[in-house]
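Residue numbers (my numbering), protein chains in the order written: chain Y, 24 to 357; chain G, 24 to 357. Glycine included, each C-beta is placed from N, C-alpha and C at the ideal position. Structure first, then comments.
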DNA sequence: AACGTTACTGGAAACGTTTCCGGAACAAAT
DNA sequence: ATTTGTTCCGGAAACGTTTCCAGTAACGTT
């Protein structure tokens, strides 16, 4: 069943069918009716390959992400996938490992799958101008702060929270409860990732509250992995360093850390207060319930697609959205 | 940069370039060398739309899933996506809501995206023959038991655990610890879903161990949702029904239930023993650590793609794989 | 009555591949 | 010397759309 068959059955030309199917203006009501009748009767769906070839484009939007393993991303992905579908595009997902260069992958993918646009999830900030311009379709970065990039901001869009300020406010919560010996559990500190930016917020908070920085209170792992967090935290606790509160840069890591604290017989929140950032569902069901600053995950996903689709349709400029976080008061603060 | 340009630059015909690119036999070493030199030099990637149109097929494999929100699925999806990519196909993901008919979506998607094959995640068993044959590409169902379907088994493939036996063995664990009053937290019981099958395993266990069934010990919700599990469990606990153990048909639900138990001042495992099925990462970090029967999630994903690709390439028959589960001894049994 | 608009239509080229088919070049067998 | 077969190659049709362009019919204007 091709457009030709439809044309024949409806008694019109191929061009007319095409026009009807694409809502072109220059077509009579009569023709629309005839064509649609046949289309519906035979449940005709145009061939995407032929259509894309004809228009020399596609309806693919690529989504590249590093580490879907962090449950934080699944909510965002869900929202993105949903919204892409609703907008009439097709989502093409590509996962990359931690050591792959996402922009190289993006460039390849763009050629290979003829993308209309790209969404990058959980990436870095220190792309060079050349790297960015090497990819020829509009793209939007999700979930890492705008202000810290070194790029011309009109070359891409971004949708995220203010990671620095959120980290600051997490530490502030601890400070307000009287904590001064605040340890931080983080990932890399120099790769332009969220980890680095949240760490910056932590440091600014310490400074503002006149708490001296102490390298002994920095617990660094090399992933956002829950198991890594658990092991590294356990090792650190063995050192017996004195502290009264722990700021984890992600919920996932906090869950690992809390198990380590439990193993070490530290009671949360009596012995150690804990706060984190993200607001994943699981962390609402830990014992005790984790206190955390929640990201508006669905909203992030939806907005990312919105912005991208607008740009694809030439209905908008690149923009940089910063969405608000909300405090979830759990049971890990005292 | 099209195949014509490559042909011109390499000094051969378009057909020859195509043959080289597709590893056809009838082409000289000399030609291969000349073409590949140009292809590599200009980093040429063939246009997928044109190629698909020419071959009247595509390289798309569809993945349909209900409720990616359950973290259990993310591991599987990750594995599936990875494997699809490695096999040279493109993953096209479609999420559906609980009330959508997955086979209708499958049929639509197949036409729309010209799929080569389909993977269905977390579906039902009671498809009719007509429904199944309405979708014209091979498909494999993941994560629900084979034996309970009412279909001709050579019409599709499946990869999953033995849900009935696993549920049986979960209840067996509780029985071996001396429990007789075993409540069960489940989802639907009559829709052909995993829930129904796991419930069947629970009932068989009771029977084998000479424990009378008791409707009061059945806690039913209408999703696999963690929040729903929490609320429904709380409501049930209010009734004050006597019980000593709880079998949850999924880890996710168990996490909700454990919070409800905590709210009700029931100590796990002293007052109530808990066991579940799935083995998601988060449930390894609950307090206390959940005891559960783990599914080989990565393995399931990889096998599903393996089987499907073999069938697409006419290198295999439809088959039904049942993968083993392993007990993770947590801290919720006594 | 001639002309310009307007509203719509159909023919056909174009998109970038794959693949069928016929043929060239050459070697081996008769 | 002719046939037969092998190996490789190029031309061109085909895939199913979109879209440009030319054209027709109806209608209002001068």
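* Minimum Cβ-Cβ distance from residue 129/G to chain Y less than 9 Å -> For the purposes of this step, residue 129/G is identified with residue 106 of the second chain, where counting begins at 1. False, the Cβ-Cβ gap to chain Y never drops below 9 Å.
* Asked: Name the residues in the region 301–315 of chain Y whose C-beta lies less than 9 Å from a C-beta of chain G; which are they?
  -> Of all residues in the region 301–315 of chain Y, those with a C-beta nearer than 9 Å to a C-beta of chain G are 303, 304, 305, 306, 307, 308, 309, 310, 311 and 312, reading in chain order.
* Proximity below 9 Å, CB of residue 162/G to CB of residue 217/G -> Here residue 162/G corresponds to residue number 139 of the second chain, with the count starting at 1. Here residue 217/G corresponds to residue number 194 of the second chain, with the count starting at 1. Not closer than 9 Å, so no.
* Which one of 107/G, 346/G and 147/G has the shortest CA to CA distance from residue 126/G? -> The sequence position of residue 126/G within the second chain is 103, counting from 1. Comparing Cα positions, the closest option is 147/G.
* Please state if the CB of residue 279/Y and the CB of residue 314/Y are separated by a distance shorter than 9 Å. => Locating residue 314/Y in the first chain gives position 291, counting from the first residue. Locating residue 279/Y in the first chain gives position 256, counting from the first residue. Taking 9 Å as the Cβ cut-off, residue 314/Y and residue 279/Y do not qualify as a contacting pair.
* Backbone secondary structure at residue 118/Y - three-state DSSP -> Looking up residue 118/Y in the first chain gives position 95. Residue state, collapsed to three classes: strand.
* On the three-state DSSP scale, how would you describe residue 191/G? -> In the second chain, counting from the first residue as 1, residue 191/G sits at position 168. Reduced to three states, the DSSP call for residue 191/G is helix.
* Asked: Do you know how far the Cα of residue 291/G is from the Cα of residue 285/G?
  -> In the second chain, counting from the first residue as 1, residue 285/G sits at position 262. In the second chain, counting from the first residue as 1, residue 291/G sits at position 268. Straight through space, the alpha carbons of residue 291/G and residue 285/G are spaced by roughly 8 Å.
* Measure how close the beta-carbons of residue 295/Y and residue 268/Y come, nearest whole angstrom, since I'm counting them as under 8 Å. => Position 272 of the first chain holds residue 295/Y. Position 245 of the first chain holds residue 268/Y. Yes, residue 295/Y and residue 268/Y are in contact; Cβ-Cβ is about 6 Å, under 8 Å.
* Using a Cβ-Cβ cut-off of less than 8 Å, list which residues of the region 104–133 of chain G approach chain Y; keep chain order. => Residues 104, 105, 108, 113, 114, 115, 116, 117, 118 and 131.
* Asked: Taking Cβ-Cβ distances below 8 Å as the criterion, which residues of the region 84–104 of chain G are in contact with chain Y?
  -> The region 84–104 of chain G vs chain Y, Cβ under 8 Å: 91, 92, 94, 97, 98, 100, 101 and 104.
* Report all residues from its chain with a CB closer than 6 Å to the CB of residue 120/Y; omit the five preceding and five following residues, and keep chain order. => Position 97 of the first chain, counted from the start, is the residue given in the question as residue 120/Y. So no residue of the chain qualifies.
* **Residue(s) in a DSSP beta bridge with residue 44/Y** => Translated into the one-based positions of the first chain, residue 44/Y becomes position 21. In the DSSP output, where bridge partners are listed per residue, residue 44/Y has none listed.
* Pair within 9 Å by beta-carbon distance, residue 247/G and residue 281/G -> Residue mapping note: residue 247/G aligns to position 224 of the second chain, counting from 1. Residue mapping note: residue 281/G aligns to position 258 of the second chain, counting from 1. Judged by their CB atoms, residue 247/G and residue 281/G are not nearer to each other than the 9 Å cut-off.
* **Alpha-carbon to alpha-carbon, residue 66/G and residue 130/Y** => Here residue 130/Y is taken as the residue at index 107 of the first chain, counted from 1. Here residue 66/G is taken as the residue at index 43 of the second chain, counted from 1. Going by the C-alpha atoms only, they are around 11 Å apart.
* Asked: The alpha helix (DSSP H) with residue 52/G in it runs from where to where?
  -> Position 29 of the second chain, counted from the start, is the residue given in the question as residue 52/G. Counting along the chain, the alpha helix (DSSP H) containing residue 52/G begins and ends at 52–65.
* Express the C-alpha separation of residue 204/Y and residue 113/G in angstroms, rounding to a whole number. => Working through the second chain from its first residue, we reach residue 113/G at position 90. Working through the first chain from its first residue, we reach residue 204/Y at position 181. Annotation: residue 113/G to residue 204/Y spans about 50 Å, alpha carbon to alpha carbon.
* Between the Cα of residue 288/Y and those of 134/Y, 261/Y, 101/Y and 337/Y, spot the shortest distance and give me the residue it belongs to. => Here residue 288/Y refers to the residue found at position 265 of the first chain. Here the closest residue by C-alpha is 261/Y.
* Give a yes or no on whether 9 Å exceeds the smallest Cβ distance from residue 337/Y to chain G. => Within the first chain, residue 337/Y is the residue found at index 314, counting from 1. Output row for residue 337/Y: interface = no.
* Could one say the Cβ of residue 72/Y lies closer than 9 Å to chain G's Cβ atoms, at least one of them? -> Residue 72/Y sits at position 49 when you count from the first residue of the first chain. Any Cβ of chain G closer than 9 Å to the Cβ of residue 72/Y would place that residue at the interface, and such an atom is present.
* Excluding five sequence neighbours on each side, which residues of the same chain lie with their C-beta closer than 6 Å to the C-beta of residue 93/G? -> Here residue 93/G is taken as the residue at index 70 of the second chain, counted from 1. 247 and 275.
* Do you know whose CA, among 256/Y, 165/Y, 321/Y and 319/Y, lies nearest residue 362/Y's CA? -> The displayed coordinates of chain Y run from 24 to 357. Any statement about residue 362/Y would go beyond what the structure contains.
* Asked: Does DSSP classify residue 245/G as helix, strand or coil?
  -> As a working note, residue 245/G is residue 222 in the second chain. DSSP places residue 245/G in coil when its eight states are reduced to three.
* Asked: Would residue 84/G pass as a contact of residue 44/G if the rule is Cβ separation under 9 Å?
  -> Your numbering for residue 84/G matches position 61 in the second chain. Your numbering for residue 44/G matches position 21 in the second chain. Result no, Cβ atoms of residue 84/G and residue 44/G do not sit closer than 9 Å.
* To do: List the endpoints of the continuous beta strand (DSSP E) containing residue 88/Y.
  => As a first step, residue 88/Y must be located in the first chain, where it is residue number 65. Its beta strand (DSSP E) spans residues 83–89.
* Asked: Do residue 141/G and residue 331/G have their C-beta atoms closer together than 9 Å?
  -> Counting from one through the second chain, the residue named residue 141/G turns up at place 118. Counting from one through the second chain, the residue named residue 331/G turns up at place 308. Against a cut-off of 9 Å, the Cβ pair of residue 331/G and residue 141/G comes out as a contact.
* To do: Put residue 92/Y into one of helix, strand or coil per three-state DSSP.
  => Within the first chain, the letter at position 69 stands for residue 92/Y. Residue state, collapsed to three classes: coil.
* Do residue 211/Y and residue 243/Y come within 9 Å of each other at the CB atom, strictly closer than that value? -> Counting from 1 along the first chain, the entry for residue 243/Y is found at position 220. Counting from 1 along the first chain, the entry for residue 211/Y is found at position 188. In this structure, residue 243/Y lies near residue 211/Y, with their beta-carbon atoms less than 9 Å apart.
* Do you know offhand how far residue 160/Y's Cα is from residue 133/Y's? -> To locate residue 160/Y, count along the first chain from 1; it is residue 137. To locate residue 133/Y, count along the first chain from 1; it is residue 110. Pairing residue 160/Y with residue 133/Y, the inter-Cα distance amounts to about 8 Å.
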